[in-house]
Structures are given as C-alpha cells and as structure tokens.
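Please read the structure below before turning to the comments.
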Amino acid sequence: MKAVVITTPGGPEVLKLQEVEEPKVKDDDVLIRVEATALNGADTLIRQGKETPPKGVSEYLGLECSGTIEAVGKNVSRWKVGDQVCALISGGGYAEKVAVPSGQILPIPSGVSLKDAASFPEVACTVWSTVFMTSKLSSGETFLIHGGSSGIGTFAIQMAKYLGIKVFVTAGSEEKLKACKELGADVGINYKTEDFVARVKEETGGKGVDVILDNIGGAYFQKNLESLGMDGRLFIIGFMGGVKAEANISFILAKRLTVQGAGLRTRRLEKKGEIVSEVEKNVWPAIEQGKVKPVVYNYFPLSEAGEAHKLMETSTHIGKILLLA
0 MKAVVITTPG
10 GPEVLKLQEV
20 EEPKVKDDDV
30 LIRVEATALN
40 GADTLIRQGK
50 ETPPKGVSEY
60 LGLECSGTIE
70 AVGKNVSRWK
80 VGDQVCALIS
90 GGGYAEKVAV
100 PSGQILPIPS
110 GVSLKDAASF
120 PEVACTVWST
130 VFMTSKLSSG
140 ETFLIHGGSS
150 GIGTFAIQMA
160 KYLGIKVFVT
170 AGSEEKLKAC
180 KELGADVGIN
190 YKTEDFVARV
200 KEETGGKGVD
210 VILDNIGGAY
220 FQKNLESLGM
230 DGRLFIIGFM
240 GGVKAEANIS
250 FILAKRLTVQ
260 GAGLRTRRLE
270 KKGEIVSEVE
280 KNVWPAIEQG
290 KVKPVVYNYF
300 PLSEAGEAHK
310 LMETSTHIGK
320 ILLLA
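Take the sequence shown: its position 39, counted from the start at 1, is 38 in numbering that gives the first Met the number 0, and no numbers get skipped.
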C-alpha cells in the first residue's frame with residue numbers, strides 16, 4: 000500500500016508518499032481501506048521531531064480516519080467486511096489502509112458523507128472525554144473555548160449549544176469570530192484586540208465561566224484562573240503558548256477551581272473504547288439530527304500532505320483539513 004512517510008524531521012516538504020508494508024491485523028482489529036483522514040496538531044509536532052508516537056503504534060501520521068472495512072480479526076463480532084465506518088486511531092491514518100482496534104470504530108452518522116466523517120472521531124472523543132465526561136459541563140452553564148475556529152473549537156461550539164450551554168470563544172480574526180457565531184457561539188472575543196478576562200467578566204456579571212477548554216497552556220494559565228467562576232473547571236489539552244507559567248494559585252483555593260489535563264493518544268485501549276462508546280451514545284444523535292455538522296475547510300490528496308501541512312501551519316483555516324486516500 001502507499002503511505003505518507005516522514006523522510007527526516009523537518010518542514011512540510013519532508014512528507015512523501017511511498018510504497019510500504021500493509022499493516023498486520025490482530026485478533027481484535029479491523030482493517031480499514033481509508034477514504035479520508037484529518038490533520039491534527041500532533042501530526043505537525045511529530046513531523047518536526049518535537050514529539051514521538053507512543054511505543055507500539057503505527058509510525059505513520061493520522062489520528063482519525065473514515066473508510067470501508069476490508070478484513071476483521073477473529074475476535075471481532077460487531078463489524079463485518081464492507082461496513083463503512085470512521086475510527087479513532089493512534090496513528091496510521093495517512094495511508095491507504097490502517098488496522099484499528101475494534102473498540103475504536105464508529106458507524107458513519109446518517110446524513111454525513113464517508114469522507115467528511117473522518118473529521119469527527121478525534122474532535123468528538125477529545126471534547127466529550129474532557130469537557131463532558133470529566134469536567135461535567137452541563138445545561139445552563141457557561142463555557143469558554145480558546146481557538147474557537149479550530150477543528151476542536153468548531154465541534155465544541157456546536158456540541159455545547161446542542162446541550163443548552165452558553166458559549167464564549169476566542170479567535171484571532173473577525174472572519175474566524177464570524178464563523179464561530181454562525182456555528183452558535185454566543186460571545187466572540189478577538190484575543191488580538193481584546194482582553195478576554197475583562198470581556199468574560201463583563202458578559203457574566205463578574206462571575207466568570209464554569210468551564211474553559213484550553214489549548215494555549217502557559218501563556219493563558221493565570222488569565223484562565225481569573226476567568227473562571229466559583230467551582231470552575233479548567234481543562235488543558237495543548238501548549239501552543241508554552242509549557243511554563245507563573246500564576247497566583249490562591250485563585251484555585253478561593254474559587255474551588257479544578258485544573259486538569261489529558262491527551263487521547265496515550266490512554267489505554269479500554270479507556271479509548273469507553274470514550275468511543277460514550278461518543279456514539281451522546282454525540283452521534285446530535286450529528287444525525289443535523290445539530291452538529293462537519294466543518295471542513297479543504298481537501299487534499301495523500302500525495303499533497305505537505306501542502307495540507309503548510310496550510311495548517313498558516314492558521315488561516317476554519318475547522319478541519321482532510322486528506323483523501
């Protein structure tokens with residue numbers, strides 16, 4: 000089969016489509032012929048050599064995919080050859096075929112094309128496991144999403160609105176804020192021209208928000224503590240603004256705050272299976288009702304993975320960028 004290979008750590012130009020060995024299918028796996036895969040921030044970090052894949056996972060990039068099942072392991076009962084599915088994977092999506100543990104497979108939601116379904120597994124599992132399963136964000140609460148126009152952000156806005164939550168977002172341009180509002184965001188804050196702490200306080204009557212989903216990290220840590228209300232929850236999923244912070248942690252005690260962080264990729268198979276199951280139960284109905292839609296900015300063939308990475312690194316896109324196998 001063909002897969003996108005990192006020839007040497009570096010810029011987008013190091014990604015090359017090459018002939019490689021097909022993946023081996025274990026007893027609990029299914030083999031998917033890939034229709035599409037989506038770009039994620041971790042892909043660019045691995046390409047640059049700043050991050051390494053967990054031991055034992057595919058050496059190829061790609062954390063989610065959609066496609067058609069081509070083979071099933073002997074222990075697999077739910078899925079069969081010919082089923083159209085999408086999947087949360089630990090690697091290997093930038094290829095024509097990928098082997099996936101059967102517990103990480105999802106059916107294609109009705110009303111969504113096979114290729115666009117590749118935009119959902121990673122964002123749905125990330126947002127549902129962090130904000131809803133762990134931070135217990137619920138109807139009537141307030142929610143601040145940093146990077147509202149990202150793949151994570153565009154999904155989180157729609158899911159939160161579906162569940163009756165007031166949504167605040169930060170983004171770096173009026174165009175991105177407009178897109179967020181069209182998806183349902185209630186309050187848009189341009190972080191380049193506004194102080195988001197002051198705006199959050201103003202919009203909440205000084206109380207602050209209940210939950211923050213943050214991919215910035217160090218640069219926003221103190222501001223996030225100030226933006227949360229009593230019993231607020233901060234969930235950190237990225238470090239685009241660095242890993243170090245100096246903060247007044249008295250806010251944590253005074254407001255009974257909870258600060259948490261997690262990544263999907265390094266979780267145990269059993270936990271990933273549990274998250275995928277919860278996503279199918281809680282998120283898939285929203286998609287099938289048309290309340291949560293795929294937000295895809297552009298499509299590239301696998302052979303142009305480098306061009307797709309260049310686009311991602313400009314940060315001009317809104318939503319997801321997909322590669323078609």
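Even for Gly, the Cβ is constructed at its ideal location relative to N, Cα and C.
Since we're looking at a predicted model, the values are computed, not measured.
On the CB-based measure, 16 or more other CB atoms within 10 Å of its CB, does A253 come out buried or exposed? exposed
Which partner residues does Y298 have in the DSSP bridge list? DSSP output for Y298 lists L321 as bridge partner(s).
Look at the Cβ atom of A37, then the Cβ atom of K319, and state whether they are nearer than 8 angstroms. yes
I'd like the span of the beta strand (DSSP E) that includes D68, first residue to last. Residue 68 is actually Ile in this sequence, not Asp. E63 to V71 is the extent of the beta strand (DSSP E) around I68.
Using the Cβ count rule (16 or more neighbours within 10 Å means buried), how would you classify S276? Exposed, because fewer than 16 other Cβ atoms sit within 10 Å of the Cβ of S276.
When DSSP labels each residue in this structure, what does D115 get in the three-state scheme? helix
Between the segment 278–288 and the segment 240–259, do at least 3 Cβ pairs fall closer than 8 angstroms? no
Are N189 and G171 closer than 8 angstroms when you measure CB to CB? yes
Roughly how far, in whole angstroms, is the beta-carbon of P100 from the beta-carbon of D26, given that I think they are within contact range, below 8 angstroms? At roughly 10 angstroms, the Cβ-Cβ gap does not stay under 8 angstroms, so P100 and D26 are not in contact.
Which listed residue (F238, A197 and K1) has its alpha carbon closest to that of L212: F238
Look up Q221 in the DSSP assignment and say whether it is helix, strand or coil. helix
Sequence-distant residues of the same chain with beta carbon closer than 7 angstroms to Q83, five excluded per side: T67, I107 and L113
If you drop the 5 nearest sequence neighbours on each side, which residues of the same chain put their C-beta closer than 6 angstroms to that of R32? G66, T67, E69 and K96
I need the boundaries of the alpha helix (DSSP H) containing L227, first residue and last residue. Here L227 belongs to no alpha helix (DSSP H); instead the beta strand (DSSP E) covers L227 to I235.
Pick from V19, M0, L30 and R46 that is closest to A307, judged by C-alpha positions: R46
Could you give the DSSP three-state label for S134: helix, strand or coil? coil
Starting from I188, follow its DSSP beta bridges and name the residues at the other end. T169, per the DSSP bridge assignment.
Identity of the residues DSSP links to C85 by a beta bridge: In the DSSP output, where bridge partners are listed per residue, C85 has S65 and L105.
Under the three-state DSSP convention, the category P11 falls into: helix
Please report the straight-line C-alpha distance between E21 and F250, rounded to a whole angstrom. 52 angstroms
Assuming V196 contacts F167 (C-beta within less than 8 angstroms), just tell me the rounded distance between them. V196 to F167, Cβ: 11 angstroms. No contact.
By the DSSP assignment, the alpha helix (DSSP H) with G272 in it spans what residues? L268 to N281
How long is the line joining the alpha carbons of L44 and I144, rounded to whole angstroms? 22 angstroms
Give me the DSSP bridge partner(s) of D213. Paired residues: I235.
My understanding is that G207 touches G228, with C-beta atoms under 8 angstroms, so please give their C-beta distance in whole angstroms. Rounded, the Cβ-Cβ distance is 3 angstroms, consistent with contact.
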